Structures are given as C-alpha cells and as structure tokens.
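K.L.:
Heads up: the protein sequence lines correspond to chains A and B, in order.
Going by our numbering, the first sequence runs without a break in its numbering and finishes at 158.
Going by our numbering, the second sequence runs without a break in its numbering and finishes at 158.
All C-beta atoms, glycine included, are put in the ideal place defined by N, C-alpha and C.
Model, not experiment: these values are computed from the prediction.
Sharing a structure with you now.
2 protein chains.
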Amino acid sequence: MKLDVTDRKILKLLQQDGRLSNAEIAEQVALSPSPCLRRLRRLEQEGIIEGYQTQLNRQKIDLGMTVFVQIKMHDHHAASVKNFEQAIHGMDAVITASTVSGSADYLLEVVASDLEDYDRVVSKLQELKMVREIESNFALRRVKTAAPLPLKRLSD
Amino acid sequence: MKLDVTDRKILKLLQQDGRLSNAEIAEQVALSPSPCLRRLRRLEQEGIIEGYQTQLNRQKIDLGMTVFVQIKMHDHHAASVKNFEQAIHGMDAVITASTVSGSADYLLEVVASDLEDYDRVVSKLQELKMVREIESNFALRRVKTAAPLPLKRLSD
DNA sequence: GATTTATTGGCAGTATATGCCAATAAATCA
DNA sequence: TGATTTATTGGCATATACTGCCAATAAATC
Chain A
3 MKLDVTDRKI
13 LKLLQQDGRL
23 SNAEIAEQVA
33 LSPSPCLRRL
43 RRLEQEGIIE
53 GYQTQLNRQK
63 IDLGMTVFVQ
73 IKMHDHHAAS
83 VKNFEQAIHG
93 MDAVITASTV
103 SGSADYLLEV
113 VASDLEDYDR
123 VVSKLQELKM
133 VREIESNFAL
143 RRVKTAAPLP
153 LKRLSD
Chain B
3 MKLDVTDRKI
13 LKLLQQDGRL
23 SNAEIAEQVA
33 LSPSPCLRRL
43 RRLEQEGIIE
53 GYQTQLNRQK
63 IDLGMTVFVQ
73 IKMHDHHAAS
83 VKNFEQAIHG
93 MDAVITASTV
103 SGSADYLLEV
113 VASDLEDYDR
123 VVSKLQELKM
133 VREIESNFAL
143 RRVKTAAPLP
153 LKRLSD
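Encoded structure:
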C-alpha cells in the first residue's frame, strides 16, 4: 500500500499525539474532516496503524526501575523456545522482548518498583530450566524515550 | 498523588487503547461521563499520563530492521556526554536511548529500512570522537512488543 | 479528448465532550 | 454519635466531533 504525503502527515501528527481528533488532524493536513477520517480508517484497516497507546510516567506509578536483561539459553530446541516465550508472555514486568544476534539470545526490557521487586523477576527467570545465563543492565538515565518513527522525508 | 481503583482501571483501559472515548471509558469503569472525564484530565495534568502515541507497523513503513546498539565511550567528561547525547537527539533513527550499568555506557534502539540504511547510522555514530566502541545486536524476532505497564493489582 | 476511477467537500443525524450546578457520598471534627 | 466540611458524582445544556451518504471535483486511463 502506498502512502502519499497527506498520509504521512497524518501518521506524523498521530505519533506526536495519538488522541488528536479527526477534526484537528484534518485542519493540520488541509483536508475537510470526511476525507481525513477515511484516510485514518484506511491506515487502521491496512494495519499501518497497529494501535493507540497511552504513555504513563513510570516513576509516578511506582515502576521507576527499568532493566535491560540479556538472556542466554542452554539450547534452541523448539520446546525450549516455546516454553521460554510462553513464560515471558506471562510475566507482566517484561514489557518488551526480542531475539537478538550476538552473544545473547534474548534481550528483555523489564520494569520494577525497586531492587526487591526486580529480584522477584530475576528469580522467576532463573527458575526456567532452559535459561543458562542472565545479565542485568540497569537503565540509569533515559536519554531518549519512545521517539516517533522517522517517516521518510515529507515536504511539509 | 494517589490512584484509586477507578483511576487504575482508566489507565489500564487507555494503555490497551489510547483512543477510547471518554464515554466508553466511563461505561467500562461504571461512572457517568463527567466524573470520568475529570479523572482523565487530572491524570493528564498530574503527569501520570505523559501522552498518547500511535503504534505503527514498522515493516509497512519500511523500517523493518531494529537494532540494539551498545555504545562504549572513551571518557565520561561532561562535554563528551553532552555532545554525544545531543548527537543522539539529532538522529531520528535512534528511537530510544539510555545510559546503562554494565560494560556498555549506552544502549540504543535504532530503526532502519535495511543494512545499507543501518550502515549510515553506524557511520554517523563512528564519526563521534567520544565513542570508543559500537556493538550492534540485531533484533531477529520481536517476542513481546510494548506491553502495557503492569499497574499493581486492581480488583476488577 | 472522452471515459473511467479515485478523492474530495458538504450536509444531516448521531454521538461525544465540556462546563456548570445540585445532590450524594465520604471524611473530619466537635 | 452527630454536625460540618470536603470530595466526588450525575444530569443537563451547549458546543464540538464523528459518520455515512451524495454530488462535485480532480486525477488517471485509454
């Protein structure tokens, strides 16, 4: 599916503020509300927009600790992978997880209130038999957070 | 600021769908629209809600490659830190960045269309004189993406 | 240049947001 | 406990926004 300049403007605006009303978007992209809404719905239906999320202040909801966790596995058998990933899905402190190239197998982003809370997460990970090694890298300071994805140059 | 059960329900709902209308939220938390809207505005003003974002499908906007980049610095002098972080802010392919404990100084999340595109990012990083070492860990598969932050148990 | 196709703008009806006020519920204090 | 204060709620009226439909315009195709 092709995205024209107007679509990109809409996406750019919505990345900045996901709750902009259609009327506001329409005004900013110089369209009347109805075609603008049609574009928005199409972007949603095509799956270009995957969803809308609300960013919370982690300190204020007592999840001030962020840890990047590198996991090395004993093996990569299908069963180990499946069980591990199921466990990950069940741990709500793990907010993102990817398999990665390099010396580790998985990179997780984990949130916690404090060290004690984080320790409980690590304990759970340690209980998983397919996990060989766990390295915790604590986020000390967030320099850039959830920046918008760079949409290729749009002349606006 | 204290969050009661209703506030948490609102936050939970908005993490799942950041574009829910106030009317829908109100219905789901068993409030009439006006007190619900007041709560929402308060959560925004208190900074508990930092903002609303739209999640885009990275493949579909031709940013299918995600790389976690570990950066080691030559030194940690104030000037080096400042210049490095300024450079990071200026690179829109870098969507998150943190200082971390462990052997690396910074952990970045970088998006790119392909290896060639990614190479341009690495080149820019290499040009920075305070950067000593760059390790790229390519995300091979995303297992869990931007999961909602776990709000402490709410009896709903 | 004519025809098809895609996109737009306007309109009407419906739904939603917002500010205000009275009523209710909760908390505080005598 | 009972009275008073405080916080929170629900309802109403108005303004704003969403949505589907149709005609008009613009773009693309032949």
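A/L151 and A/Q57 look like a contact to me (Cβ under 8 Å); what is the Cβ gap, rounded to whole Å?
P.N.:
Residue numbering aside, residue 151 of chain A sits at position 149 when the first sequence is read from its first letter. Residue numbering aside, residue 57 of chain A sits at position 55 when the first sequence is read from its first letter. Wrong, their Cβ atoms sit about 15 Å apart, outside the cutoff.
K.L.:
Which residue wins for smallest C-alpha separation from A/T98, given the options B/A148, B/K154, B/M3?
P.N.:
Taking the first residue of the first sequence as position 1, residue 98 of chain A is located at position 96. The shortest Cα separation from A/T98 among B/A148, B/K154, B/M3 belongs to B/A148.
K.L.:
Leaving aside the five residues before and after B/E87 along the sequence, list all residues of the same chain whose C-beta is less than 8 Å from its C-beta, in chain order.
P.N.:
To locate residue 87 of chain B, count along the second sequence from 1; it is residue 85. The residues are A99.
K.L.:
Which chain A residues are close to B/S103, counting only those with a beta carbon under 7 Å from its beta carbon?
P.N.:
Position 101 of the second sequence, counted from the first residue, corresponds to residue 103 of chain B. Those are N139, F140, L142, listed as they occur along chain A.
K.L.:
Of all the CB atoms in chain B, is at least one closer than 8 Å to the CB of A/K11?
P.N.:
On the first sequence, position 9 is the one that residue 11 of chain A refers to. Not one chain B Cβ lies under 8 Å of A/K11.
K.L.:
Taking a contact to mean a Cβ-Cβ separation below 8 Å, would you say A/Y108 touches A/M67 in this structure?
P.N.:
By one-based count along the first sequence, residue 108 of chain A stands at place 106. By one-based count along the first sequence, residue 67 of chain A stands at place 65. Not in contact: A/Y108 and A/M67 (Cβ atoms no closer than 8 Å).
K.L.:
Whole angstroms is fine: what's the gap from A/S157's alpha carbon to A/V7's?
P.N.:
Here residue 157 of chain A refers to the residue found at position 155 when the first sequence is read from its first residue. Here residue 7 of chain A refers to the residue found at position 5 when the first sequence is read from its first residue. Any reading at A/S157 must be qualified, since the residue scores a pLDDT of 44, below 50, and its modelled position is unreliable; the value itself is stated next. Going by the C-alpha atoms only, they are around 7 Å apart.
K.L.:
Quick one: any contact between the segment 40-53 of chain B and the segment 37-44 of chain A, if contact means 3 or more CB pairs under 8 Å?
P.N.:
Flag = no, the segment 40-53 of chain B and the segment 37-44 of chain A do not touch.
K.L.:
Going by CA-CA distance only, name the one from A/L110, A/K11, A/S82, A/V69 that's closest to A/V31.
P.N.:
Numbered from 1 along the first sequence, position 29 holds the residue referred to as residue 31 of chain A. Among A/L110, A/K11, A/S82, A/V69, the Cα nearest to that of A/V31 is on A/K11.
K.L.:
Could you pull the start and end residues of the alpha helix (DSSP H) that B/S125 belongs to?
P.N.:
For this step, residue 125 of chain B is matched to residue 123 along the second sequence. Element bounds for B/S125: 117-129.
K.L.:
Could you give the residue range of the beta strand (DSSP E) that holds B/I73?
P.N.:
For this step, residue 73 of chain B is matched to residue 71 along the second sequence. Residues 67-75.
K.L.:
Return the residue from the list B/A141, B/K131, B/M3, B/S115 that minimises the CA-CA distance to B/I51.
P.N.:
Indexing the second sequence from 1 puts residue 51 of chain B at position 49. Here the closest residue by C-alpha is B/M3.
K.L.:
Near B/F140, what residues of its chain come up, given a Cβ to Cβ distance below 6 Å and the 5 sequence neighbours on each side ignored?
P.N.:
By one-based count along the second sequence, residue 140 of chain B stands at place 138. Excluding positions up to five away in sequence, the list reads V69.
K.L.:
Are the C-beta of A/Q30 and some C-beta of chain B separated by less than 8 Å?
P.N.:
Here residue 30 of chain A refers to the residue found at position 28 of the first sequence. Chain B contact via Cβ: absent.
K.L.:
Would you please state the rounded distance, in angstroms, between the beta carbons of A/V124 and A/I136? I believe it to be under 8 Å.
P.N.:
Within the first sequence, numbered from 1, the residue matching residue 124 of chain A stands at position 122. Within the first sequence, numbered from 1, the residue matching residue 136 of chain A stands at position 134. Yes, A/V124 and A/I136 are in contact; Cβ-Cβ is about 6 Å, under 8 Å.
K.L.:
Is A/N59 helix, strand or coil by DSSP?
P.N.:
Position 57 of the first sequence, counted from the first residue, corresponds to residue 59 of chain A. Reduced to three states, the DSSP call for A/N59 is coil.
K.L.:
Could you spell out the range, first to last residue, of the alpha helix (DSSP H) harbouring B/A28?
P.N.:
Residue mapping note: residue 28 of chain B aligns to position 26 of the second sequence, counting from 1. It spans 24-30 - the alpha helix (DSSP H) in which B/A28 sits, taken as one unbroken run.
K.L.:
Leaving out five residues on either side along the sequence, give the residues of the same chain with a beta carbon under 7 Å from the beta carbon of B/L15.
P.N.:
Along the second sequence, one-based indexing puts residue 15 of chain B at 13. Cβ neighbours of B/L15 beyond the five flanking positions: L22, I27, Q30.
K.L.:
In chain order, which continuous runs of the beta strand (DSSP E) of length 3 or greater are located wholly inside the segment 77-103 of chain A?
P.N.:
Counting only runs of 3 or more, we get 96-102.
K.L.:
Determine the contact status of A/M75 and A/R134, defining contact as a CB-CB distance below 8 Å.
P.N.:
Against the first sequence, residue 75 of chain A aligns to sequence position 73. Against the first sequence, residue 134 of chain A aligns to sequence position 132. The answer is yes: Cβ separation under 8 Å.
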